[in-house]
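For the sequence shown, the positions run 123 to 183 when my numbering is used.
Built from N, CA and C at the ideal position, the CB exists for glycine as well.
Keep in mind the model is a prediction, meaning the values are calculated, not measured.
Worksheet for the structure shown next.
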Amino acid sequence: MHFTEKYVSAHVVHTRTATVASSASSQEKPLREAMENTRDVAAVAKIGKLLGKHLSMAELR
């Protein structure tokens with residue numbers, strides 16, 4: 123997780139390949155439009171849910 127004064131972002135690194143498997147940020151338009159505040163606990167929870175969705179759709183080995 124990375125916090126700035128305005129936004130929150132997170133990424134998940136695939137250990138075997140050392141590449142970013144998924145990332146999400148409160149700067150993304152769909153998230154930004156759906157949030158009152160882009161840097162609070164609710165924003166972090168939404169980013170976590172989005173990361174979970176991305177990872178469940180990814181075919182990681």
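- Excluding five sequence positions before and after Thr126, the CB atoms of its chain that fall closer than 8 Å to its own CB belong to Arg161, given in chain order.
- Assignment of Ala140 by DSSP, reduced to helix, strand and coil, places it in the coil class.
- Here Leu173 is actually not in contact with Ala140; their C-beta atoms are around 18 Å apart, not less than 8 Å.
- Ranked by Cα distance from Ala167, the options Val135, Ser147, Lys151 and Lys128 are led by Ser147.
- A direct Cα-Cα distance of roughly 34 Å separates Met157 from Arg138.
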